[in-house]
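K.L.:
Encoded as structure tokens, here's the structure I'll be asking about.
Number of protein chains: 2
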Amino acid sequence: MGIVIPLEEREEKAAGLDSLLALIGPDLQRVNQLILQRTGSDVTTIPEVANHLISAGGKRLRPMLVLATAGMCGYRGDGHIKFAAGIEFMHTATLLHDDVVDESDMRRGKIAARMLWGNETCVLVGDFLLGHAFKMMVEPGVLPCLSVVSQAAAVIAEGEILQLNSAKDTQTTEDAYMAVIRSKTAELFAAAAEVGPMLSGRPKADEAACRSYGMNLGIAFQLIDDALDYGGQSAKLGKNVGDDFREGKITLPVVLAFRRGSENEREFWRRTLEKGEIADGDVETACALMKKHDALKDTVERASHYGAIARDALEIFPASPWKSALLEVVDFCVQRAY
Amino acid sequence: MGIVIPLEEREEKAAGLDSLLALIGPDLQRVNQLILQRTGSDVTTIPEVANHLISAGGKRLRPMLVLATAGMCGYRGDGHIKFAAGIEFMHTATLLHDDVVDESDMRRGKIAARMLWGNETCVLVGDFLLGHAFKMMVEPGVLPCLSVVSQAAAVIAEGEILQLNSAKDTQTTEDAYMAVIRSKTAELFAAAAEVGPMLSGRPKADEAACRSYGMNLGIAFQLIDDALDYGGQSAKLGKNVGDDFREGKITLPVVLAFRRGSENEREFWRRTLEKGEIADGDVETACALMKKHDALKDTVERASHYGAIARDALEIFPASPWKSALLEVVDFCVQRAY
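So the protein lines, in turn, are chains A and B.
Using the working numbering, read the first sequence as starting at 18 and increasing by one per residue.
Using the working numbering, read the second sequence as starting at 18 and increasing by one per residue.
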């Protein structure tokens, strides 16, 4: 199952997002328009690069969280559109800088922007998007929300540096790995979900609930992403399987398979991930070892654990179509792996 | 003449900043403390890289503008400390990303951060500083100032992309070059100077005056920097002369020398700057051609023109030690070239 679902195909394939899309549809359209408008520049490289990433697909999960939590909290205003677009810009800037940092050739089955426009342009267009993200998010004039998103920007970068420092280290512990994904992925989900109640002026408890929902959903999302990179729980070999493996990324499936493996197997992981010596058939071997040690199954279980926390966090809100839709997002994220 | 004047040596050498430093001394200390505090992280790479650039010298001109315009406008509060530190973080993030973009080995006579820590770390520590810059600047809770600095972040990145697109093009016009330095250098000077009156709640006319002062000072500063890279008006060959030349940077001295030169001379500029074929003696030839065509002298004259505009912008303010000190900064910036 692919991860990037272009807008047009979404409605058929991603059943779990249907209720949400029905509720936020018109707002999401406005977000898309704003994104297009704000990536416009006389410097033509900018819309080219930005649209390569932003328009070309992506589930828009983070902006959807802003719109949906704002909806659930009864927000009446326009600020959520700008925060949704701003957070998508922050996310896109991270992807652009990540490509440079990882020296990736591909991103999710598409040629990486840095291969098309060069590292320099990716660094600078990322900076441009980050600048415009803040510019847009300042406009609604809601200071507490600006605290949350700027805090997220700082934490994300710190998480990426942490990841860089522990890169290719097969001895990485599960805890160390969790610290990285909390910062680099879940923090922005948390910020996106927290902005909704904040814009709506809801009590602290509601903000904390939505933040917790976003944080745990983000963790679950990243864990499932990691499992999908090895074919998901069924370990089916799809066309993009093994990207993380080829880049030497230490993700939870690797952490588990390495720890549970024999000394011979650990040698395999060290050769392929630490030394980067990857031969024909190694991706298949990696997937087989993961199956043998239930590494993907247990990664999905861990994800379910965080998904359950996300669901419970929302329980303090009264029943509403918004709440139900947000709960379904959790299922959608976790069930991608099956 | 060196451009980077470490803190300790400043007081003897940079006479033109004396009055300003006497006025803002205690505030500048607080800014330095805040910078050290906010670059602290458990991820040790972060303070290492950040301090390589931030603590190791630099004139702190941009933070000084925040402090001085706030002082001139009678600001009573602490917000200027955070904006001063935040703007220095923005500047440092730009330097880190610039090193990656330019593939520089050196920055102002020091080994470039990217040579010590790698491109990846420089990209990410830049992002970390940018995130923390906004976090700090959100804290005082003054929305109009946040508009100004986030606008500056977007414009700076756009200017850098513009520069990248016209890189190594000897046919660049003076206007095209001016558009680049307005965005990539002067915009942040303008933002720094505008924050002072904004924090102080002064009328629009005062904001516009300070912004114009900062913008024109920034242009003058960059032009003098460009001239100094070829030895300044006297074209004396110091130890860092020719950095821009070796990197193929098209600056105003090049634009002028190229346009005023013979076809043979233009061929020299094309070979060295566009093709990057630099042989022994070429730096000296470049300096000689600039002398022949008064390219440095006229770059300094252009700088004086913008310096004069900066000075006139401040004339609406009543006489004060702050105003005098800010006027002296203009002289300091322009006279570095002699």
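No residue lacks a Cβ here, since even glycine has one placed at the ideal position from N, Cα and C.
Just to confirm my understanding: we take B/Val172, look at its own chain, exclude 5 residues before and 5 after, and list those with CB closer than 6 Å. What are they?
P.N.:
These residues qualify, in order along the chain: Ser200 and Glu204.
K.L.:
Do A/Ala303 and A/Cys350 have their CB atoms nearer than 9 Å?
P.N.:
Against a cut-off of 9 Å, the Cβ pair of A/Cys350 and A/Ala303 comes out as no contact.
K.L.:
Taking buried to mean at least 16 other C-beta atoms within 10 Å of its own C-beta, is B/Ala101 buried or exposed?
P.N.:
Buried is the call here.
K.L.:
Contact criterion: CB-CB distance below 9 Å. Does A/Thr187 meet it with respect to chain B?
P.N.:
With 9 Å as the cut-off, A/Thr187 does not count as an interface residue toward chain B.
K.L.:
Given 8 Å as the limit, is there contact between the segment 171 to 190 of chain A and the segment 146 to 162 of chain A, that is, 3 or more CB pairs closer than that?
P.N.:
The segment 171 to 190 of chain A, when compared against the segment 146 to 162 of chain A, does not touch it at the 8 Å Cβ threshold.
K.L.:
Quick one: complete alpha helix (DSSP H) runs, 4+ long, within the segment 199 to 268 of chain A?
P.N.:
Runs of the alpha helix (DSSP H) inside the segment 199 to 268 of chain A: 204 to 216, 221 to 245 and 260 to 263.
K.L.:
Once DSSP output is grouped into helix, strand and coil, what is the label at A/Thr131?
P.N.:
What sits at residue 131 of chain A in the sequence shown is Arg, not Thr. Helix, per DSSP.
K.L.:
Please state the DSSP three-state secondary structure of A/Arg93.
P.N.:
A/Arg93 falls in the coil class under three-state DSSP.
K.L.:
Which ranges does the beta strand (DSSP E) cover as unbroken runs of at least 3 residues, wholly within the segment 291 to 346 of chain A, from first to last along the chain?
P.N.:
Within the segment 291 to 346 of chain A, no complete beta strand (DSSP E) run reaches 3 residues.
K.L.:
Using a Cβ-Cβ cut-off of 7 Å (strictly less than) and excluding sequence neighbours within five positions of A/Pro214, which residues of its own chain qualify?
P.N.:
These residues qualify, in order along the chain: Thr86, Cys90, Asp223, Glu224 and Cys227.
K.L.:
Closer than 7 Å, Cβ to any Cβ of chain B: which residues of the segment 93 to 119 of chain A, in chain order?
P.N.:
The segment 93 to 119 of chain A vs chain B, Cβ under 7 Å: His114, Val117 and Val118.
K.L.:
Here's the rule: buried if 16 or more other CB atoms are within 10 angstroms of the residue's CB, otherwise exposed. What is B/Glu280?
P.N.:
Exposed is the call here.
K.L.:
Can you check DSSP and say which residues form a bridge with B/Met123?
P.N.:
B/Ile128, per the DSSP bridge assignment.
K.L.:
Express the C-alpha separation of A/Lys185 and B/Met132 in angstroms, rounding to a whole number.
P.N.:
Roughly 21 Å between the two C-alpha positions.
K.L.:
One question on the structure: do B/Ala244 and B/Ala354 come within less than 9 Å of each other, judged by their Cβ atoms?
P.N.:
It is a contact, given that the beta carbons lie within the stated cut-off.
K.L.:
List the endpoints of the continuous alpha helix (DSSP H) containing B/Val66.
P.N.:
Where B/Val66 is concerned, the enclosing alpha helix (DSSP H) stretches over Thr62 to Ile71.
K.L.:
Do you know offhand how far A/Val258's Cα is from A/Met307's?
P.N.:
Approximately 13 Å, taken between the alpha carbons.
K.L.:
Measure how close the beta-carbons of A/Gly103 and A/Glu345 come, nearest whole angstrom, since I'm counting them as under 8 Å.
P.N.:
Not confirmed; about 25 Å, so no contact.
K.L.:
Looking only at its own chain, which residues have a Cβ that is under 7 Å from the Cβ of A/Ala330, when we skip the five neighbours before and after it?
P.N.:
The answer, listed in chain order, is Ala226, Ser229, Tyr230 and Asn233.
K.L.:
Using the beta-carbon count (16 or more within 10 Å), is A/Thr189 buried or exposed?
P.N.:
Buried is the call here.
K.L.:
Would A/Leu38 pass as an interface residue toward chain B - the criterion being a Cβ-Cβ separation below 9 Å?
P.N.:
By this cut-off, A/Leu38 is not an interface position.
K.L.:
Can you find a CB in chain A that lies within less than 9 Å of the CB of B/Lys266?
P.N.:
Not closer than 9 Å to any Cβ of chain A, the Cβ of B/Lys266 fails to qualify, so no.
K.L.:
Does the ligand FAD have even one heavy atom less than 8 Å from the beta-carbon of A/Ile236?
P.N.:
The ligand FAD is not among the ligands present in this structure, which contains no ligands whatsoever.
K.L.:
Output the boundary residues of the alpha helix (DSSP H) element that contains B/Glu284.
P.N.:
Unbroken alpha helix (DSSP H) run through B/Glu284: Glu280 to Trp286.
K.L.:
Just reading off the alpha helix (DSSP H) that A/Glu156 is part of, what are its end residues?
P.N.:
A/Glu156 -> no alpha helix (DSSP H), and no H or E assigned at all.
K.L.:
When you check each C-beta in the segment 203 to 237 of chain A against every C-beta of chain B, which residues fall closer than 7 Å?
P.N.:
For the segment 203 to 237 of chain A, which is checked against every Cβ of chain B, not one residue is closer than 7 Å.
K.L.:
Closer than 8 Å by beta-carbon distance: list the chain A residues that pair up with B/Gly158, in chain order.
P.N.:
Those are Leu160, listed as they occur along chain A.
K.L.:
In chain A, which residues lie with their C-beta within 7 Å of the C-beta of B/Gln168?
P.N.:
Chain A residues near B/Gln168: Lys152.
K.L.:
Using a C-beta to C-beta distance shorter than 9 Å, which residues of chain A count as neighbours of B/Gly298?
P.N.:
Here the premise fails: no neighbours, minimum Cβ distance about 30 Å.
K.L.:
Rounding to the nearest angstrom, what Cα-Cα distance links B/Ala285 and B/Val300 in this structure?
P.N.:
Reading the sequence as shown, one finds Phe at residue 285 of chain B and not Ala. Computed Cα separation, rounded: 11 Å.
K.L.:
Out of A/Glu105, A/Leu82 and A/Leu160, point me to the one whose CA is closest to A/Ile52's CA.
P.N.:
The option with the nearest alpha carbon to A/Ile52 is A/Glu105.
K.L.:
Given that A/Val140 touches chain E, what residues does it touch there, using C-beta distances under 7 Å?
P.N.:
The structure shown contains no chain E; the protein chains it does contain are A and B.
K.L.:
Would you check if the distance between the CB atom of B/Leu160 and the CB atom of A/Val155 is smaller than 9 Å?
P.N.:
Their beta carbons are under 9 Å apart, which means B/Leu160 touches A/Val155 by this criterion.
K.L.:
Output the boundary residues of the alpha helix (DSSP H) element that contains B/Gly75.
P.N.:
Careful: B/Gly75 lies outside any alpha helix (DSSP H) and carries neither H nor E.
K.L.:
Grab the span of the alpha helix (DSSP H) containing A/Gly42 for me, first residue to last.
P.N.:
Start and end: Asp35 to Arg55.
K.L.:
In chain order, what residues of the same chain have a beta carbon less than 6 Å from the beta carbon of B/His69, not counting five sequence neighbours either side?
P.N.:
Excluding sequence neighbours, B/His69 sits near Ala130.
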